[in-house]
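Scroll down for the structure; my scribbles are underneath it.
Residue numbers (the working numbering): 1 to 157.
Written out as C-alpha coordinates, the structure is:
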(Lines of atoms letter the chains of each structure in order from A and count residues from 1; the text may use other names and numbers.)
(Lines give C-alpha, C1' and ligand atoms only; values in the text may rest on other atoms or scores of the structure.)
Protein backbone atom coordinates (compact mmCIF):
# COMPACT_ATOMS: atom_id res chain seq x y z
CA UNK A 1 0.00 0.00 0.00
CA UNK A 2 1.56 3.33 -1.00
CA UNK A 3 1.66 6.35 1.33
CA UNK A 4 -1.38 8.11 -0.09
CA UNK A 5 -3.54 4.98 -0.11
CA UNK A 6 -2.46 4.22 3.45
CA UNK A 7 -3.34 7.73 4.58
CA UNK A 8 -6.79 7.56 2.98
CA UNK A 9 -7.37 4.19 4.66
CA UNK A 10 -6.28 5.70 7.98
CA UNK A 11 -8.60 8.69 7.52
CA UNK A 12 -11.53 6.38 6.79
CA UNK A 13 -10.74 4.31 9.89
CA UNK A 14 -10.49 7.46 12.05
CA UNK A 15 -13.84 8.73 10.75
CA UNK A 16 -15.48 5.38 11.50
CA UNK A 17 -14.01 5.29 15.00
CA UNK A 18 -15.05 8.86 15.67
CA UNK A 19 -18.52 8.25 14.23
CA UNK A 20 -19.53 5.73 16.93
CA UNK A 21 -18.79 7.94 19.96
CA UNK A 22 -20.28 10.95 18.19
CA UNK A 23 -23.56 9.15 17.51
CA UNK A 24 -23.65 7.71 21.03
CA UNK A 25 -23.48 11.16 22.63
CA UNK A 26 -27.12 11.95 21.71
CA UNK A 27 -26.00 15.28 20.32
CA UNK A 28 -28.26 17.50 18.27
CA UNK A 29 -26.03 17.31 15.21
CA UNK A 30 -23.00 15.60 13.80
CA UNK A 31 -20.70 15.72 10.83
CA UNK A 32 -18.63 12.68 9.92
CA UNK A 33 -16.85 11.47 6.84
CA UNK A 34 -13.69 10.71 4.98
CA UNK A 35 -12.71 11.11 1.38
CA UNK A 36 -10.94 13.20 -1.21
CA UNK A 37 -11.70 16.27 -3.25
CA UNK A 38 -10.38 18.60 -5.91
CA UNK A 39 -9.66 22.32 -5.96
CA UNK A 40 -10.09 24.65 -8.93
CA UNK A 41 -7.02 25.27 -11.07
CA UNK A 42 -4.78 28.00 -9.66
CA UNK A 43 -5.48 27.27 -5.97
CA UNK A 44 -2.52 27.92 -3.65
CA UNK A 45 -1.82 27.80 0.08
CA UNK A 46 1.19 29.69 1.48
CA UNK A 47 2.60 29.89 -2.05
CA UNK A 48 2.25 26.16 -2.75
CA UNK A 49 -0.02 25.18 -5.66
CA UNK A 50 -2.60 22.63 -4.48
CA UNK A 51 -4.82 20.45 -6.63
CA UNK A 52 -6.88 18.57 -4.08
CA UNK A 53 -7.22 17.21 -0.58
CA UNK A 54 -7.87 14.10 1.50
CA UNK A 55 -9.91 14.55 4.67
CA UNK A 56 -11.34 12.93 7.78
CA UNK A 57 -14.07 14.48 9.96
CA UNK A 58 -15.63 13.30 13.22
CA UNK A 59 -17.63 16.05 14.90
CA UNK A 60 -20.46 16.20 17.48
CA UNK A 61 -22.34 19.49 17.07
CA UNK A 62 -24.83 19.97 19.94
CA UNK A 63 -27.28 22.86 19.77
CA UNK A 64 -25.64 24.51 22.80
CA UNK A 65 -22.48 25.14 20.73
CA UNK A 66 -20.20 22.78 22.65
CA UNK A 67 -18.29 20.77 20.11
CA UNK A 68 -16.38 17.53 20.38
CA UNK A 69 -14.34 16.29 17.48
CA UNK A 70 -11.42 16.52 15.13
CA UNK A 71 -10.73 17.45 11.55
CA UNK A 72 -7.76 16.24 9.53
CA UNK A 73 -6.86 17.06 5.97
CA UNK A 74 -3.92 16.72 3.64
CA UNK A 75 -3.65 19.38 0.94
CA UNK A 76 -2.12 17.82 -2.17
CA UNK A 77 0.51 20.27 -3.32
CA UNK A 78 3.40 20.56 -5.71
CA UNK A 79 6.77 21.97 -4.58
CA UNK A 80 8.79 24.52 -6.53
CA UNK A 81 10.87 21.56 -7.78
CA UNK A 82 7.77 19.85 -9.19
CA UNK A 83 7.68 17.17 -6.48
CA UNK A 84 4.57 16.26 -4.44
CA UNK A 85 4.30 18.38 -1.28
CA UNK A 86 1.62 17.12 1.09
CA UNK A 87 0.53 19.80 3.57
CA UNK A 88 -1.07 18.16 6.60
CA UNK A 89 -3.48 19.80 9.00
CA UNK A 90 -4.77 18.41 12.30
CA UNK A 91 -7.43 20.45 14.06
CA UNK A 92 -9.45 20.28 17.25
CA UNK A 93 -12.81 22.03 17.01
CA UNK A 94 -14.05 24.33 19.79
CA UNK A 95 -17.28 25.63 18.24
CA UNK A 96 -19.70 24.70 15.50
CA UNK A 97 -23.24 23.95 14.41
CA UNK A 98 -25.41 22.34 11.79
CA UNK A 99 -26.75 25.24 9.70
CA UNK A 100 -30.35 25.80 8.55
CA UNK A 101 -29.36 24.96 4.94
CA UNK A 102 -28.13 21.49 6.00
CA UNK A 103 -24.42 22.35 5.90
CA UNK A 104 -22.23 22.34 9.01
CA UNK A 105 -19.64 24.83 10.17
CA UNK A 106 -17.02 24.20 12.83
CA UNK A 107 -13.88 26.01 13.93
CA UNK A 108 -10.97 25.76 16.31
CA UNK A 109 -7.19 25.70 16.15
CA UNK A 110 -4.91 23.41 14.22
CA UNK A 111 -1.34 22.44 13.52
CA UNK A 112 -0.17 22.72 9.92
CA UNK A 113 2.86 20.83 8.63
CA UNK A 114 3.85 22.37 5.29
CA UNK A 115 5.59 19.15 4.24
CA UNK A 116 8.82 20.91 3.34
CA UNK A 117 10.95 20.30 6.43
CA UNK A 118 10.08 23.57 8.18
CA UNK A 119 8.73 23.45 11.75
CA UNK A 120 4.95 22.94 11.97
CA UNK A 121 2.73 26.00 12.41
CA UNK A 122 0.80 25.61 15.68
CA UNK A 123 -2.28 27.34 17.05
CA UNK A 124 -3.54 28.30 13.58
CA UNK A 125 -7.25 29.20 13.62
CA UNK A 126 -9.36 27.23 11.16
CA UNK A 127 -12.99 27.16 10.03
CA UNK A 128 -14.60 24.46 7.89
CA UNK A 129 -17.98 24.69 6.22
CA UNK A 130 -19.04 21.33 4.84
CA UNK A 131 -21.89 20.03 2.74
CA UNK A 132 -22.36 16.45 1.64
CA UNK A 133 -20.32 17.21 -1.50
CA UNK A 134 -17.98 20.12 -0.67
CA UNK A 135 -15.58 21.62 1.87
CA UNK A 136 -14.70 25.28 2.36
CA UNK A 137 -11.57 25.81 4.49
CA UNK A 138 -10.33 29.00 6.12
CA UNK A 139 -6.82 28.52 7.49
CA UNK A 140 -5.51 31.51 9.43
CA UNK A 141 -6.17 34.46 7.13
CA UNK A 142 -6.43 32.34 3.97
CA UNK A 143 -9.80 31.33 2.53
CA UNK A 144 -9.33 28.50 0.06
CA UNK A 145 -11.80 28.01 -2.79
CA UNK A 146 -14.50 25.40 -2.22
CA UNK A 147 -13.21 21.87 -2.79
CA UNK A 148 -15.58 19.44 -4.51
CA UNK A 149 -15.72 15.99 -2.89
CA UNK A 150 -14.89 13.35 -5.52
CA UNK A 151 -14.43 10.24 -3.36
CA UNK A 152 -15.78 9.09 -0.01
CA UNK A 153 -18.65 10.84 1.72
CA UNK A 154 -19.71 13.39 4.32
CA UNK A 155 -22.75 12.80 6.52
CA UNK A 156 -24.41 15.75 8.26
CA UNK A 157 -27.25 15.14 10.72
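For every residue, glycine included, the Cβ atom is placed at its ideal position computed from N, Cα and C.
Out of the options, which one is the CA nearest neighbour of residue i?
| i | options | result |
| --- | --- | --- |
| residue 128 | 80, 121 and 137 | 137 |
| residue 86 | 134, 156, 50 and 154 | 50 |
| residue 31 | 143, 147 and 135 | 135 |
| residue 142 | 80, 117 and 124 | 124 |
| residue 104 | 157, 43 and 47 | 157 |
| residue 56 | 144, 94, 36 and 95 | 36 |
| residue 140 | 77, 34, 46 and 40 | 46 |
| residue 152 | 78, 66 and 132 | 132 |
| residue 100 | 54, 34, 154 and 130 | 130 |
| residue 89 | 78, 79 and 109 | 109 |
| residue 164 | 149, 154 and 155 | Residue 164 falls outside the range modelled here, since the chain spans only 1 to 157, and no answer is possible. |
| residue 83 | 126, 122 and 48 | 48 |
Terminal residues of the continuous beta strand (DSSP E) containing residue i?
| i | result |
| --- | --- |
| residue 121 | 121-130 |
| residue 30 | 30-38 |
| residue 42 | From DSSP, residue 42 is part of no beta strand (DSSP E); its letter is neither H nor E. |
| residue 146 | Here residue 146 belongs to no beta strand (DSSP E), and DSSP marks it neither H nor E. |
| residue 61 | Note, residue 61: premise wrong, no beta strand (DSSP E); not H, not E. |
Contact check, residue i vs residue j under 8 Å by CB: the rounded distance?
| i | j | result |
| --- | --- | --- |
| residue 70 | residue 92 | 6 Å |
| residue 102 | residue 61 | Between residue 61 and residue 102 the Cβ distance is about 12 Å, and since that is not below 8 Å, they are no contact. |
| residue 106 | residue 96 | 3 Å |
- Query: Which runs of the beta strand (DSSP E) fall wholly inside the region 64-120 and span at least 3 residues, in chain order?
  - Reply: 68-78, 84-98 and 104-113
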